[in-house]
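As structure tokens, the structure follows; a few thoughts come after it.
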Amino acid sequence: MDNLGKIHIYTGNGKGKTTSALGLALRANSSGFRVIIIYFDKSRDNCTEYIGLDKLGIDYKFFGINRIFDNKFRFGYNDSDIGEISKAWSFVKSIILSSEYDLIVLDEIINCLDYIDMKELESVLKSNNKSELVLTGRNAPDNIIELADLVTENLEIKHYFQKKYPARKGIEY
């Protein structure tokens, strides 16, 4: 696992950030990498890909409250969500320091940055040189983009949510 330690960002208002990260996780796992996906604001209740991750032997950990009710997303964070974000960040720091994984996906961490100390995040990202780190979420800030080695922006051109279609299991979650 030579030349690891890069930072990837999948950001933007378009669909597909988590899907891109999962594709990379699949590729890395298929190449013998040790992979973990850390979900910052999704629960097992509103996420189905863990079924495939179990079959592939990819590690994952959920930190989040169910945010889908009647096929509609609940946006914004309440106190319970913020507590889960704090737990997730503590876990991430320990995982990065452990060097146990070659690829670490931090799903939706960018959406949670208001609740993570930015200087500490920058320090952790700068100090990592052993694991590929993938950060996903909308509106990546310039200081985090500057630290990244790869940044991909998913741009929404058209989305069926605009027509009030509900979230669909297997497609959106």
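In our numbering, the protein residues as written are 46 to 218. Heads up, the beta-carbon is just placed ideally off N, CA and C, and yes, glycines get one too.
Report the rounded CA-to-CA distance for residue i versus residue j, giving the unit in angstroms.
i    : j    : result
T181 : K106 : 15 Å
Q207 : N91  : 21 Å
A3   : Y205 : Beyond the ends of the chain as shown, which are 46 and 218, falls residue 3; an answer cannot be given.
A70  : P211 : 27 Å
Rank the options by C-alpha distance to the C-alpha of residue i and give the top, closest one.
i    : options                : result
F78  : I190, N199, K175, C157 : K175
D124 : G215, C157, K214       : C157
I83  : S75, L148, P211, M163  : L148
A185 : H53, N48, L49          : H53
S76  : I96, G102, K138        : G102
Quick one: what's residue i bridged to in DSSP?
i    : result
D90  : Answer by DSSP bridge pairing: none, since D90 is not bridged.
Y105 : I82
D152 : Y84
When the distance is taken between beta carbons, is residue j closer than 8 Å to residue i?
i    : j    : result
S200 : G59  : Note on residue identity: the sequence assigns Leu, not Ser, to residue 200. In this structure, G59 lies closer than 8 Å to L200 by Cβ.
L192 : E165 : no
Y160 : I189 : no
K171 : T93  : no
E153 : K51  : no
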